[in-house]
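Engineer: Quick note on the numbering used here: the sequence shown kicks off at 1 and runs consecutively.
Just so it is clear, CB atoms sit at the ideal spot from N, CA and C, and this is done for glycine as well.
Predicted model, so just to flag it, every value in this text is computed and none were measured.
Here you go, one structure.
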Amino acid sequence: MDRFTYLKDKRDKFLSMYVIVLHDITVQEVIDLLYKKLEELKRIKDTYKRGYVNDRIFSLVTDFKSNRKTDDIVSEVIFLGPKIESSPLASNELVVLREWKIPNFMMHGGEFFDLEFLQDLLYNTDYDEVIKVSGNKLTHMHVTPTKRKVVGHLEEKSMDIAKYVSENVIHPTIIHGVSSSLKGLKLDGHVVIGKELEEEQLRKELTKLRMTERLNQLRKVFDMFANPSTQGKIVVGKSLQQAIICQMIETLIATPEIVRKVKERYSEFINFKIIEIVTIDDNPDVKRLHADFGGAIGIKYY
1 MDRFTYLKDK
11 RDKFLSMYVI
21 VLHDITVQEV
31 IDLLYKKLEE
41 LKRIKDTYKR
51 GYVNDRIFSL
61 VTDFKSNRKT
71 DDIVSEVIFL
81 GPKIESSPLA
91 SNELVVLREW
101 KIPNFMMHGG
111 EFFDLEFLQD
121 LLYNTDYDEV
131 IKVSGNKLTH
141 MHVTPTKRKV
151 VGHLEEKSMD
161 IAKYVSENVI
171 HPTIIHGVSS
181 SLKGLKLDGH
191 VVIGKELEEE
201 QLRKELTKLR
211 MTERLNQLRK
221 VFDMFANPST
231 QGKIVVGKSL
241 QQAIICQMIE
251 TLIATPEIVR
261 KVKERYSEFI
271 NFKIIEIVTI
281 DDNPDVKRLH
291 ADFGGAIGIK
301 YY
């Protein structure tokens with residue numbers, strides 16, 4: 001992702017800064033899909049806005065027609081703004097897209113180039129687990145903010161959901177849906193919700209579940225800081241900055257603001273695990289992380 005950071009502050013109106021991810025797709029298929037996007041623009045009532053965005057997308061159609069062979073296979077990221085910039089996908093990026101069965105054409109617009117979307121899509125394999133139950137059918141998925149894949153199915157009249165979870169689930173999981181199999185079900189470390197969640201509700205529940213797990217880790221770090229035998233592994237403030245540069249950090253626990261700054265300023269030194277702590281329900285541990293540690297705690301290797 002370092003090769004794209006120079007684009008992070010570029011901006012334009014009408015959500016017309018597009019990140020386009022193509023993989024294992026022909027040039028002709030890309031052109032056809034771009035024409036479909038142009039057709040969709042006809043729904044925009046504001047003629048100036050419609051023309052502005054239309055011209056931008058059509059510039060990419062023209063570029064593809066002029067500079068590519070229609071039967072060529074392309075795998076690349078395109079940044080479509082006032083000008084067109086592209087970069088071939090690396091082999092490790094293609095592996096993620098293929099394993100997660102990501103559509104061959106993804107086009108994501110915004111006021112800025114959404115590099116967080118791209119970061120998650122290409123690199124994030126730190127997935128959450130979700131199980132949806134409908135009647136006697138169970139669907140098990142791995143999900144991140146931009147992608148999801150089905151990893152398991154079960155269809156039985158009397159499902160043993162507890163057994164399925166114990167044999168197939170690694171992380172704390174949201175189990176939701178409408179089924180008699182969910183009535184009275186309680187599983188330690190997992191959340192069972194007896195209704196089908198909409199996408200936004202599911203995201204909120206996943207955030208709460210993940211933060212519960214991370215807050216437990218934060219409390220363990222507080223205990224390390226309070227223990228004289230382990231206190232020396234904890235670094236904060238300027239000492240933390242120096243420890244990052246000297247590559248002495250094993251784990252960083254920090255607020256989203258600090259995580260963003262660390263990634264921007266010290267990207268070349270990041271070889272450690274990052275645990276991002278988001279405020280939930282005015283949590284006192286998060287308040288302490290802010291007040292007593294400046295929003296970040298580093299744990300050294302030794």
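Within the chosen definition, does the stretch 91-103 reach the stretch 128-135 through at least 3 CB pairs nearer than 8 Å?
Structural biologist: With a cut-off of 8 Å, the stretch 128-135 and the stretch 91-103 do not count as touching, because too few Cβ pairs lie within range.
Engineer: Classify R56 as buried or exposed, calling it buried when 16 or more other Cβ atoms lie within 10 Å of its own Cβ.
Structural biologist: Translated into positions along the sequence shown, residue 56 becomes position 56. Buried is the call here.
Engineer: Hey, would you say L38 sits closer than 8 Å to F14, going by beta carbons?
Structural biologist: Within the sequence shown, residue 38 is the residue found at index 38, counting from 1. Within the sequence shown, residue 14 is the residue found at index 14, counting from 1. In this structure, F14 does not lie closer than 8 Å to L38 by Cβ.
Engineer: On the CB-based measure, 16 or more other CB atoms within 10 Å of its CB, does T207 come out buried or exposed?
Structural biologist: As a working note, residue 207 is residue 207 in the sequence shown. Exposed is the call here.
Engineer: Specify the secondary structure class of F105 as computed by DSSP and reduced to three states.
Structural biologist: Residue mapping note: residue 105 aligns to position 105 of the sequence shown, counting from 1. Strand.
Engineer: I277 and A254 - do their beta-carbons sit closer together than 8 Å?
Structural biologist: Within the sequence shown, the letter at position 254 stands for residue 254. Within the sequence shown, the letter at position 277 stands for residue 277. Going by C-beta atoms, A254 is nearer than 8 Å to I277.
Engineer: Please go through the same chain and pick out, in chain order, the residues whose beta-carbon is closer than 6 Å to the beta-carbon of V77, but skip the five residues on each side of it.
Structural biologist: Start at 1 with the first residue of the sequence shown, and residue 77 comes out as number 77. Result list for V77: V21, S87, in chain order.
Engineer: Mind checking if K69 is an interface residue toward chain B, Cβ cutoff 8 Å exclusive?
Structural biologist: Structure shown: chain B not included; a single protein chain is present.
Engineer: Which stretch, first to last residue, makes up the alpha helix (DSSP H) that contains E196?
Structural biologist: Here residue 196 corresponds to residue number 196 of the sequence shown, with the count starting at 1. Careful: E196 lies outside any alpha helix (DSSP H) and carries neither H nor E.
Engineer: Do you know how far the Cα of L97 is from the Cα of D63?
Structural biologist: Locating residue 63 in the sequence shown gives position 63, counting from the first residue. Locating residue 97 in the sequence shown gives position 97, counting from the first residue. Cα-Cα distance, rounded: 25 Å.
Engineer: Taking Cβ to Cβ, would you say L144 is nearer than 8 Å to D120?
Structural biologist: In the sequence shown, residue 144 corresponds to position 144, counting from 1. In the sequence shown, residue 120 corresponds to position 120, counting from 1. Looking at the sequence itself, residue 144 is Thr, so the reference to Leu does not match. Going by C-beta atoms, T144 is nearer than 8 Å to D120.
Engineer: Do the CB positions of V221 and A296 come within less than 8 Å of each other?
Structural biologist: Residue 221 sits at position 221 when you count from the first residue of the sequence shown. Residue 296 sits at position 296 when you count from the first residue of the sequence shown. Against a cut-off of 8 Å, the Cβ pair of A296 and V221 comes out as no contact.
Engineer: Taking L182 and G194 to be in contact with their CB atoms under 8 Å, please state how far apart those CB atoms are, rounded to whole angstroms.
Structural biologist: Within the sequence shown, residue 182 is the residue found at index 182, counting from 1. Within the sequence shown, residue 194 is the residue found at index 194, counting from 1. That belief holds up - the Cβ atoms of L182 and G194 are roughly 5 Å apart, short of 8 Å.
Engineer: Would you identify the three-state DSSP class for V236, choosing helix, strand or coil?
Structural biologist: Taking the sequence shown and counting its residues from 1, the one referred to as residue 236 is at position 236. Of the three classes helix, strand and coil, the one that applies to V236 here is coil, per DSSP.
Engineer: How far does the alpha helix (DSSP H) with L15 in it extend, from its first residue to its last?
Structural biologist: Counting from one through the sequence shown, the residue named residue 15 turns up at place 15. No alpha helix (DSSP H) contains L15, which DSSP labels as neither H nor E.
Engineer: Under a three-way DSSP split, which group does K287 fall into?
Structural biologist: Here the question's residue 287 lines up with position 287 in the sequence shown. K287: helix per DSSP, three-state reduction.
Engineer: Nearest-angstrom Cα distance between T230 and I249?
Structural biologist: One-based indexing of the sequence shown puts residue 230 at position 230. One-based indexing of the sequence shown puts residue 249 at position 249. Taking the straight line from one Cα to the other gives about 14 Å.
Engineer: Helix, strand or coil for F58 per DSSP?
Structural biologist: As a first step, residue 58 must be located in the sequence shown, where it is residue number 58. Three-state result, F58: helix.
Engineer: Less than 8 Å between the beta carbons of D285 and L187, yes or no?
Structural biologist: Position 285 of the sequence shown holds residue 285. Position 187 of the sequence shown holds residue 187. No. Outside cutoff.
Engineer: Return the residue from the list D282, A226, S16 that minimises the CA-CA distance to M211.
Structural biologist: What you label residue 211 is simply residue 211 of the sequence shown in a count that begins at 1. Nearest option by C-alpha distance: D282.
Engineer: Would you call H153 buried or exposed, if buried means 16 or more other Cβ atoms sit within 10 Å of its Cβ?
Structural biologist: Locating residue 153 in the sequence shown gives position 153, counting from the first residue. Classification of H153: exposed, given that the 10 Å Cβ count is below 16.
Engineer: Grab me the residues of M141's own chain with a C-beta within less than 8 Å of its C-beta, minus the 5 sequence neighbours each way, in chain order.
Structural biologist: Counting from 1 along the sequence shown, the entry for residue 141 is found at position 141. For M141, where only same-chain residues beyond five positions count, the Cβ hits under 8 Å are E129, V130, I131, K132, R148, K149, V150, V151.
Engineer: Closest to R11 by C-alpha separation, out of E167, K263, E111, would be which residue?
Structural biologist: Position 11 of the sequence shown, counting from 1, holds the residue named residue 11. For R11, the nearest C-alpha among the options comes from E111.
Engineer: Give me the residue from V30, D72, A162 with the minimum Cα distance to G184.
Structural biologist: Your numbering for residue 184 matches position 184 in the sequence shown. Checked all of V30, D72, A162; the closest Cα to G184 is A162.
Engineer: Kindly indicate which three-state DSSP category D188 falls into: helix, strand or coil?
Structural biologist: Counting from 1 along the sequence shown, the entry for residue 188 is found at position 188. The answer is coil: DSSP assigns D188 none of H, G, I, E or B.
Engineer: What are the partner residues of K137, as DSSP defines its beta bridges?
Structural biologist: Residue mapping note: residue 137 aligns to position 137 of the sequence shown, counting from 1. Bridge partners of K137: S134, E155.
Engineer: I'd like to check one pair, G298 with A243: are the Cβ atoms closer than 8 Å?
Structural biologist: For the purposes of this step, residue 243 is taken as the residue at position 243 of the sequence shown. For the purposes of this step, residue 298 is taken as the residue at position 298 of the sequence shown. Their beta carbons are under 8 Å apart, which means A243 touches G298 by this criterion.
Engineer: Bridge partners for S86 per DSSP, in chain order?
Structural biologist: Numbered from its first residue, the sequence shown carries residue 86 at position 86. I78, per the DSSP bridge assignment.
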